[in-house]
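A.B. asks: By our numbering, the letter at position 66 of the sequence shown is numbered 1248, and the numbering carries on one by one without gaps.
A single structure is presented below for examination.
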Amino acid sequence: MLDWLQDSWEWFTTLVTSLPWQVISVWTLTIILLIIGLIGSVLPLLPGPFLIFIAGILHTLLLPEQGMGWIGLIILALLLVISYFVDMAAGAMGARWFGASRWGIMGVFVGGIVGLFFAPLGFVLGPLFGGLAFELIFAKKRMAPAVKSTWGTLLGTGVGLVVRLILSFAMVAAVLIDILW
C-alpha cells in the first residue's frame, strides 16, 4: 500500500540529486541582478548599470564555461562608463542648452553632490536648487533666466534617465547574448 509513497520519494530524490544546482543557482543570481539592475536604472537609490555589470562578471566567474567572452566584457564595461558619463553630464548639458552660465552648471554639480545626502528626493532636487541658487547668487541673474536654466537642468536629467534606461537594456542584451550565443 505504501509502495507508491516509496516510489514517489525515490523519484523525488533522484530528481533533486540529478539537477545541476550550481548552474541553476548561478542563473537565478544572474537574472535577479539583471532585473534589479534594470529597476535601479530608473530608481535613484540603486546603482542599476553597475548591478548589470556585476551580473555579467559574477556569471563569468562562477560559470567560466558558460560565461561571457572578453569582447562581451569590454562592451559591457564601455556601456557602464557611458551610462555613468550620461548620468553626470545630462543635467549640466540641459542647463547649458537653456542658457545656464558656468556658475549655474557648477551649481548643478554641487547641488547633485549635496543631494546625495538627502536621498531619494535630493537626487532630483539637489541639482535643481543648486543650479538655481548659483545662477541667482553668483551669476547675478534675475529669477526668469535662472528658472529657465533650472528647467533645462530638469529636462536634461529626464533625458539622461531615458538614455540610462536604454543603455541598461543594451547592457542586459549584451550579457544575455554573449552568454547564450
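Each residue gets a CB set at the ideal place from its N, CA and C atoms; glycine is no exception.
Among the candidates Gly1297, Gly1304, Leu1258, Pro1309, whose CA atom is the shortest distance from the CA of Ala1282?
C.D. replies: Indexing the sequence shown from 1 puts residue 1282 at position 100. Ranking the options by Cα distance to Ala1282, first place goes to Pro1309.
A.B. asks: Between the alpha carbons of Gly1334 and Gly1294, how many angstroms are there, rounded?
C.D. replies: As a first step, residue 1334 must be located in the sequence shown, where it is residue number 152. As a first step, residue 1294 must be located in the sequence shown, where it is residue number 112. Between Gly1334 and Gly1294, the C-alpha separation is close to 15 Å.
A.B. asks: Whole angstroms is fine: what's the gap from Thr1196's alpha carbon to Leu1184's?
C.D. replies: The residue given as residue 1196 occupies position 14 in the sequence shown. The residue given as residue 1184 occupies position 2 in the sequence shown. Cα to Cα, Thr1196 sits roughly 18 Å from Leu1184.
A.B. asks: Quick one: what's got a C-beta closer than 7 Å to Val1208's C-beta in the same chain, skipping five residues either side?
C.D. replies: For the purposes of this step, residue 1208 is taken as residue 26 along the sequence shown, with counting starting at 1. For Val1208, where only same-chain residues beyond five positions count, the Cβ hits under 7 Å are His1241, Leu1244, Leu1245.
A.B. asks: So is Glu1317 buried or exposed if we call it buried at 16+ other beta carbons inside 10 Å?
C.D. replies: Counting from one through the sequence shown, the residue named residue 1317 turns up at place 135. The residue is buried, with at least 16 neighbouring Cβ atoms inside 10 Å.
A.B. asks: Roughly how many whole angstroms lie between the Cα atoms of Ala1328 and Gly1338?
C.D. replies: Working through the sequence shown from its first residue, we reach residue 1328 at position 146. Working through the sequence shown from its first residue, we reach residue 1338 at position 156. Approximately 15 Å between the Cα atoms of the pair.
A.B. asks: Apart from the five residues just before and just after Pro1226, which ones in its own chain have a Cβ nearer than 6 Å to its Cβ?
C.D. replies: Sequence index remark: in the sequence shown, residue 1226 carries index 44 (1-based). The answer, listed in chain order, is Pro1302, Phe1305.
A.B. asks: For the segment 1260 to 1277 against the segment 1228 to 1239, do three or more pairs of beta-carbon atoms, one drawn from each stretch, fall closer than 8 Å, so that the two count as touching?
C.D. replies: Touching, yes.
A.B. asks: With Leu1336 as the anchor, note down where its alpha helix (DSSP H) starts and where it stops.
C.D. replies: As a working note, residue 1336 is residue 154 in the sequence shown. 1325 to 1362 is the extent of the alpha helix (DSSP H) around Leu1336.
A.B. asks: What residue does the alpha helix (DSSP H) around Pro1231 start on, and which one ends it?
C.D. replies: Within the sequence shown, residue 1231 is the residue found at index 49, counting from 1. Run containing Pro1231: 1230 to 1244, per the alpha helix (DSSP H) assignment.
A.B. asks: Count the other CB atoms, across all protein chains shown, that sit within 10 Å of the CB of Ile1257; report buried if there are 16 or more and exposed otherwise.
C.D. replies: The residue given as residue 1257 occupies position 75 in the sequence shown. It is buried - the Cβ of Ile1257 has at least 16 other Cβ atoms within 10 Å.
A.B. asks: So what's Ser1200 in DSSP terms, helix, strand or just coil?
C.D. replies: In the sequence shown, residue 1200 corresponds to position 18, counting from 1. It is helical.
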